[in-house]
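So the structure is just underneath, and the comments pick up after that.
Residue numbers (the numbering used here), protein chains in the order written: chain A, 1 to 178; chain C, 179 to 803.
Here you go:
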């Protein structure tokens, strides 16, 4: 495909403006249109090198799409473009009450799993999703409106905890299936 | 061995010529081949008008091989040399196969740890890849006879829940059968293409695919010419065969039988299958047989009894179903339609359970035995470059997470399950001991936390890391999954971007040398053009080898002294000479000589790039040998 510029960032590649607030339908449309051009299925009858190039381009488009589709990955990436590191591995200074709440969440998930209580898990799952959405709304304000990137980085660190929690709830569901 | 894809000069097709491509459903019980003819996907029948080729291969003492009907007819009389359901052994070790006492084969464990199980027959030890290749050869010949020309390539379907080793084994079997693989396509996705294009469907669909030996569930979103797989799950060791086994066990119990000989085992399994099929349309089935001891078997199995015998098999399909929906972040209410695929979905108790789960009647308007091959043919036609006017895009996923072993025998996920392919992910690693000079990487696939519960795909070692303090080295390991769902792993140096290693093949896969050997062995018996094909490949390979060595000399010639260099150049000349009219043996010898002459050069190049890769850098933790 012509005009495929590997140097473009994810937003440019997918034809979206560099903001946190995202038109999900537009992302979907642009992703599909782009993938329809670069996907390896389009060059399966061409030379090995063309197939390899298609694989690399298609991989790149998938990476961009997955990054922008996920709010936490999108925020992390966007802050990176602004030169702000979210310091998720190094910065462990979290508000005490947030950490306490996280510990309670985790214990509740473990308890629900142990007692095989699907209803309790459903409640936790719903609450987790609400809190995650609240954090994402706050993140949008900090990035798009207030341009307060250091505070936004703190919110990404909080969202990372929520993401881990979501994974734990997910695997608790899987466990209850066994 | 990917050389089959290179078209020879002067042989390229005219722009408007229809390129012959087929879809092949390589099933546990039956296999089919289909193609698009005049814009319509059709299954190709054999000369007797039969669409389905029984996936059965019989080896004879004279080295002869038959696949299909004739082999199936011999399965009770010659069970040890007649291999059925070989798909269950693809990419699997002996421990995966489970209870071998119920199977009439002589299993051989390969010397290598983690090697694929082999079968001892009267014609020698055979790998499941070779057995599958015999089935594929028959289908290829059927297609070429029917279409009147050589195939450009084929789409081969695999269960969506097949792991890397099983996929690699399938691709190897196709290569061995002389088939250019355009794509490995997931069976439920193939069915969705056939179904979706036929019905112009939009919305979220579930494909419930219960075949002879495998179960898949895929959740797809169909919209405006895009087939997007949202999640896939399944059980690659659950299928119609297991229902036969249940009836078989019931027969043993009813008649108080134990440890039957292979012939009786096969006889009862065959009768069990017939009874299962009868119970789809009739309330009861009578099973009669005379065992080799002279004992008479005469039992009646009712539908109700069969349902209770098979209840927990059906339950086992509902768990992957729930997981797939959760992974797709959807509920039952979001699913617009459920497509049934695979002969085993004809069983009324299966349709009932699936209907109850989704709260709607499953769709069965396409023949569940043929829909996968029909869809594969449509995709093959597209991939071969035959423009049909309407275009569509297929976005599939990898069914099982890929990861690396970290300290304490834990698996760290690098690419999570249900990632859209092709996909790549890089991870950085460091040394954890002072002075550590080697690092071993263990690539695994699966969802479990412990490495011992996951499938081991490959192990490789990086050597020649300069001695540094712990945590000072920095190696980036990249996982790349291609559009076939196959994994390549490479270790790479960070600063200069030089590739320091190493393409990994799963330990269950076959090396190209294995395949060459099998190709040559099979060429002795085959009546087709296998020999010529191997020769063309060898010539291309020889040319490529010369070219690769010359490139290396141009790049890193400074690692050699004058004498070493002259030695290598002489061996290159030897290969070139052998290519001028030399026979296969001569070319092979010359290539071996060139390969031997370059061993230490290759080592020196590897050391050089690893040294460059590792000098003066710094990361996390890995298990070290």
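Backbone N, C-alpha and C fix where the C-beta goes; we use that ideal spot for every residue, glycine too.
In the structure shown, residue 773(C) adopts helical secondary structure according to DSSP, grouped into three states. Secondary structure of residue 623(C) (DSSP, three-state): strand.
In the DSSP assignment, residue 145(A) falls outside any beta strand (DSSP E) and carries neither an H nor an E. Taking 8 Å as the CB threshold, residue 45(A) lines the interface with chain C. Restricting attention to 534(C), 535(C) and 529(C), the CA atom closest to the CA of residue 542(C) is found in 529(C). Separation of residue 302(C) and residue 350(C) (C-alpha to C-alpha, rounded to the nearest whole angstrom) is 20 Å.
In this structure, DSSP gives residue 659(C) an extended state, which the three-state scheme calls strand.
When the alpha-carbon of residue 723(C) is set against those of 336(C), 734(C), 753(C) and 735(C), the nearest one is in 753(C). Approximately 24 Å separates the beta-carbon atoms of residue 261(C) and residue 221(C); this is outside 8 Å, ruling out the contact.
Taken in chain order, the complete alpha helix (DSSP H) segments of 4 residues or longer contained in the segment 253–279 of chain C are 272–275. At a cut-off of 8 Å between C-beta atoms, residue 10(A) does not count as an interface residue with respect to chain C.
Along the length of the segment 566–631 of chain C, whole alpha helix (DSSP H) runs at least 4 residues long do not occur. Straight across, the Cα-Cα distance linking residue 714(C) with residue 80(A) is about 52 Å. Within chain A, the residues whose beta carbon sits less than 8 Å from that of residue 562(C) are 44 and 45, listed in sequence order.
Between residue 166(A) and residue 537(C), the alpha-carbon positions lie close to 28 Å from each other.
Close to chain C, meaning a Cβ-Cβ distance shorter than 9 Å, is no residue of the segment 99–128 of chain A at all. Judged by DSSP secondary structure, residue 237(C) falls within the beta strand (DSSP E) whose first and last residues are 234–237. Here DSSP, grouped into helix, strand and coil, assigns residue 123(A) to helix.
Interface criterion not met: the Cβ of residue 150(A) is under 8 Å from no Cβ in chain C.
With fewer than 16 neighbouring CB atoms inside 10 Å of its own CB, residue 47(A) falls in the exposed class.
Note on geometry: alpha-carbon atoms of residue 293(C) and residue 272(C) lie some 9 Å from one another. Put simply, the CB of residue 70(A) is far from chain C, with every gap to its CB atoms at 8 Å or more. Residue 387(C): not part of any alpha helix (DSSP H); member of the beta strand (DSSP E) spanning 381–388, first to last residue. In this chain, the beta strand (DSSP E) harbouring residue 516(C) covers 515–519.
In this structure, the beta-carbon distance from residue 549(C) to residue 373(C) falls below 8 Å. Counting only the Cα atoms, residue 40(A) lies some 17 Å from residue 5(A).
Exclusion of the five residues before and after residue 212(C) leaves 200, 201, 219, 220, 221, 222, 551, 552, 554 and 555 as the residues of its chain whose Cβ lies within less than 7 Å of its Cβ.
Of all C-beta pairs linking the segment 52–61 of chain A to the segment 111–129 of chain A, fewer than three are shorter than 8 Å, placing the two stretches out of contact.
Here residue 522(C) is actually not in contact with residue 640(C); their C-beta atoms are around 46 Å apart, not less than 8 Å. Buried is the label assigned to residue 364(C), since at least 16 other Cβ atoms lie within 10 Å of its Cβ. One thing to note: residue 749(C) has its Cβ within 8 Å of the Cβ of residue 772(C). Excluding sequence positions up to five before and after residue 564(C), its CB lies within less than 8 Å of the CB of 196, 197, 199 and 214, all in the same chain and listed in chain order. Of all residues in the segment 496–520 of chain C, the ones placed with a Cβ closer than 7 Å to any Cβ belonging to chain A are 497, 500, 501 and 504, in chain order. For residue 225(C), there is no enclosing alpha helix (DSSP H), as DSSP marks it with neither H nor E.
If you draw a 10 Å sphere on the C-beta of residue 472(C), you find fewer than 16 other C-beta atoms in it, and that means exposed. A direct Cα-to-Cα measurement between residue 18(A) and residue 493(C) gives close to 48 Å.
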